[in-house]
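Asker: Here the sequence shown is numbered in full-length UniProt numbering, starting from 1 and rising by one per residue.
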Amino acid sequence: MYNTNTDICIAGAVAAVTVDFLVYPFDTLKTRIQAPDYEKRYKDAKTGIIRRDVLFKGVYQGVWSVVLSTIPASGAFFTTYEAIKYTLDETSTTTRAQRSSQSQNEAIHKFPILHSLPTPIVHAIASSTAEMVSCLMITPAEVLKQNAQVIETSGGQQTAAIQVFSRFRHKPWKLWSGYAALVGRNLPFTGLHFPLFEYVRSHVVDWRQEEKRKDKDGNGGELGRIQEWNPVLERAVLTGFSAGLSGMIASVVTTPIDVVKTRVMLAASNGYVSGEGGGAPGPDTMKKIGTRGTIDVGKEIWENEGIKGLFKGGLIRAAWTAVSLGLYLSIYEAGRFYLENRRKDRDGKAQRKEGEGVI
């Protein structure tokens with residue numbers, strides 16, 4: 001692995017901040033749709049028509065809490081993910097040819113315990129561990145963000161953030177009350193998404209290489225003549241497609257967990273934040289936060305709203321996840337690839353200068 005931890009952190013932070021600003025409104029809409037009083041708050045009581053002036057108002061409320069936490073969290077995630085993946089599976093940095101030429105004894109010597117793990121398992125372990133680390137940093141921001149997204153205020157996003165934050169001033173520990181729910185959602189998601197993403201990307205890259213080989217040999221690929229792209233752009237496009245497709249599948253499967261997570265985090269500030277003080281579920285609806293509270297919320301949704309309630313916001317979440325992960329991982333991978341190539345070029349020039357000096 002030629003990238004340094006600094007390269008990985010920079011690429012991850014740039015990707016995360018860029019995507020946060022672009023897709024944040026969709027996240028806000030998803031949170032509002034999943035809120036327990038969505039029907040009362042965002043629909044007209046008589047006609048049942050969506051109150052667009054309320055639903056689409058202040059869609060950037062709480063964005064800064066996410067941006068400020070995303071930078072360290074994304075750096076921690078990708079640093080942990082790449083390090084564990086590199087440690088457990090040589091395929092992250094070597095070609096298949098190199099791996100096949102390596103003797104079995106040498107492989108066992110390098111990886112005495114985990115050398116035989118299937119690649120999807122390696123990716124699942126790496127992504128799940130990285131997710132648990134990043135969730136420690138993300139949870140407070142997620143609690144603030146989701147409460148800010150549903151608050152009714154006449155002020156701007158700054159007013160909403162301050163109003164929500166003031167509710168945790170004397171109980172800051174509650175900012176981490178949604179950690180179990182966040183991990184409970186993110187672990188299945190990342191455990192499914194990253195192995196699927198790596199699988200899809202490997203096949204897409206192989207297909208691309210095969211098409212270019214056929215074109216070079218004069219046989220012609222499925223798409224006719226293959227246009228040569230900038231390597232960084234090609235890496236970004238292939239990664240973005242793979243990430244978007246795998247992310248959409250993973251998001252649909254984990255939507256019920258996401259709905260529960262949203263309800264738990266909205267309950268962190270004594271139930272539900274409302275600038276008007278109306279329409280909030282009572283204490284019996286939002287129970288004590290924690291592992292048991294998370295399970296209780298899930299049971300309550302099932303009993304009161306059925307399967308439909310567990311998949312609230314699923315469509316917009318699938319679309320939002322496909323776009324956000326496609327952009328996120330394509331920007332990250334392109335940035336990492338660019339920094340890697342720049343470092344290689346710089347080191348190569350330095351070595352050539354040293355060689356010329358010796359001569």
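Where is the CB? At the ideal position from N, CA and C, for every residue including glycine.
All values derive from a computational prediction rather than experimental measurement.
Reducing DSSP to helix, strand and coil, say where isoleucine 49 ends up.
Answerer: Isoleucine 49 falls in the coil class under three-state DSSP.
Asker: Kindly indicate which residue of Thr139, Glu131, Lys85 has the alpha-carbon position closest to the one of leucine 117.
Answerer: Of the listed residues, the one whose Cα sits closest to leucine 117 is Lys85.
Asker: Could you check the C-alpha separation between leucine 29 and alanine 73 for me, to the nearest Å?
Answerer: Each residue's alpha carbon lies about 23 Å from the other.
Asker: If you check the beta carbons only, do serine 166 and methionine 265 fall under 9 Å apart?
Answerer: Contact flag unset, no.
Asker: At which residue ranges does the UniProt repeat "Solcar" (118-203) contain complete alpha helix (DSSP H) runs of 4 or more residues, listed in the order of the chain?
Answerer: 119-150, 157-166, all fully within the UniProt repeat "Solcar" (118-203).
Asker: Going by DSSP, what residue range makes up the alpha helix (DSSP H) through glycine 244?
Answerer: 231-253 is the extent of the alpha helix (DSSP H) around glycine 244.
Asker: If you follow the alpha helix (DSSP H) that proline 72 is part of, which residue opens it and which one closes it?
Answerer: Note, proline 72: alpha helix (DSSP H), 63-88.
Asker: For a test of the three-state rule: what should DSSP assign to lysine 43, helix, strand or coil?
Answerer: It is a strand residue.
Asker: Please report how far the alpha carbon of threonine 87 lies from the alpha carbon of phenylalanine 56, in whole angstroms.
Answerer: Rounded to whole angstroms, threonine 87 to phenylalanine 56 spans 46 Å at the Cα level.
Asker: Under 7 Å Cβ to Cβ from arginine 317, same chain only, skipping five residues before and after it: list those, please.
Answerer: The residues are Lys30, Ser251, Thr255, Asp258.
Asker: Could one say the Cβ of threonine 254 lies closer than 9 Å to chain E's Cβ atoms, at least one of them?
Answerer: Of the protein chains in the structure, only one exists, and it is not chain E.
Asker: Distance check for glycine 348 and glutamate 210, CA to CA, integer angstroms please.
Answerer: Their Cα atoms are separated by approximately 29 Å.
Asker: Taking isoleucine 71 as the reference, which of Val17, Ile49, Arg32, Pro25 has the closest Cα?
Answerer: Minimum Cα distance to isoleucine 71 is reached at Val17.
Asker: Excluding the five sequence neighbours on either side, which residues of its own chain have a C-beta within less than 7 Å of the C-beta of threonine 190, listed in chain order?
Answerer: Contacts found: Ser127, Ser128, Glu131.
Asker: Using DSSP with H/G/I as helix, E/B as strand and the rest coil, what is glycine 348?
Answerer: In the structure shown, glycine 348 sits in a helix (DSSP, three-state: H, G or I).
Asker: Rounded to whole angstroms, what is the Cα-Cα separation between serine 103 and alanine 180?
Answerer: Its pLDDT being 48, under 50, serine 103 is placed unreliably in this model, and the value from its coordinates should be taken loosely. Serine 103 and alanine 180: Cα-Cα distance of roughly 43 Å.
Asker: When DSSP labels each residue in this structure, what does lysine 312 get in the three-state scheme?
Answerer: If DSSP states are grouped into helix, strand and coil, lysine 312 belongs with coil.
Asker: To the nearest angstrom, how far is it from the Cα of methionine 137 to the Cα of glutamate 82?
Answerer: The straight-line gap from Cα to Cα measures roughly 18 Å.
Asker: For valine 14, which residues in the same chain have their Cβ closer than 7 Å to its Cβ, ignoring the five residues on either side in sequence?
Answerer: Only Ile331, Gly335 meet the Cβ criterion.
Asker: Just confirm the distance between the C-beta atoms of isoleucine 8 and phenylalanine 78, as a whole number of angstroms; I'd bet it's less than 8 Å.
Answerer: Yes, isoleucine 8 and phenylalanine 78 are in contact; Cβ-Cβ is about 5 Å, under 8 Å.
Asker: Can you tell which of Asp345, Gly62, Tyr338, His203 has its C-alpha closest to the C-alpha of valine 164?
Answerer: If we check each option's Cα against that of valine 164, Gly62 comes out closest.
Asker: Buried or exposed: aspartate 206, going by 16 or more other Cβ atoms within 10 Å of its Cβ?
Answerer: Exposed, since its Cβ has fewer than 16 Cβ neighbours within 10 Å.
Asker: Can you tell which of Gly12, Arg32, Gly309, Arg201 has the C-alpha that lies nearest to the C-alpha of isoleucine 50?
Answerer: The shortest Cα separation from isoleucine 50 among Gly12, Arg32, Gly309, Arg201 belongs to Arg32.
Asker: Is it the case that the Cβ atoms of residue 369 and tyrosine 338 are separated by a distance below 9 Å?
Answerer: The question about residue 369 has no answer, for the chain in this structure spans 1 to 359.
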